[in-house]
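Residue numbers (the numbering used here): 4 to 146.
Note that beta-carbon positions come from the ideal geometry of N, C-alpha and C, so glycine has one too.
For reference, the structure discussed in these notes is given below.
Pasting the structure below:
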């Protein structure tokens, strides 16, 4: 008997959660020698893409807690990958800004990721990837 669309969706959502964990683990292995975590790299990429931001703004952008982002940013600051700047709009909430070392780390990370994704993409047909993309985009719109 063919599963219902609801059952198919339950399986799909379960697979999305599993793949998310698998991607995080693969990224951690790929970048192991950098001593950074997936959370570290997310903060750095956001700071490159969006410019200096406060910890609460970084947290809102990701839908995570301010406390989590604060711990991550404190670690990045300790590694010299971000710096704290005065925030003219708020005396107590400083701006996190990426340093040259942070830019260099992310440039190298993106090169490694590009090579890895090129290899991984060869596993799938173009039409299969397109259909998966359309399905995930439609799911995001509904949520």
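Comparing alpha carbon positions, the residue from 98, 79 and 94 closest to residue 88 is 98. For residue 20 against residue 41, the beta-carbon gap comes to about 15 Å, at or over 8 Å, which does not count as contact. For residue 38, the closest C-alpha among the options 52, 108 and 48 is that of 108. Of all alpha-carbon atoms in 78, 58 and 77, the one lying nearest the alpha-carbon of residue 69 is that of 58.
Using a Cβ distance threshold of 8 Å, residue 78 and residue 31 do not count as a contacting pair. Less than 8 Å divides the Cβ of residue 46 from the Cβ of residue 75. Boundaries of the beta strand (DSSP E) harbouring residue 86: 85 to 88, taken from the DSSP string.
Minimum Cα-Cα distance from residue 119 among the listed residues 6, 11, 24 and 33 corresponds to 33. Residue 96 holds the alpha-carbon nearest to the alpha-carbon of residue 62 among 96, 18, 22 and 105. Residues of the same chain with a CB within less than 8 Å of the CB of residue 56, apart from the 5 flanking positions on each side, are 49, 50, 64, 98 and 99 in chain order. Taken atom to atom, the span from the alpha-carbon of residue 113 to that of residue 17 is near 28 Å. Closest in C-alpha terms to residue 80, from the list 71, 105, 92 and 66, comes 105.
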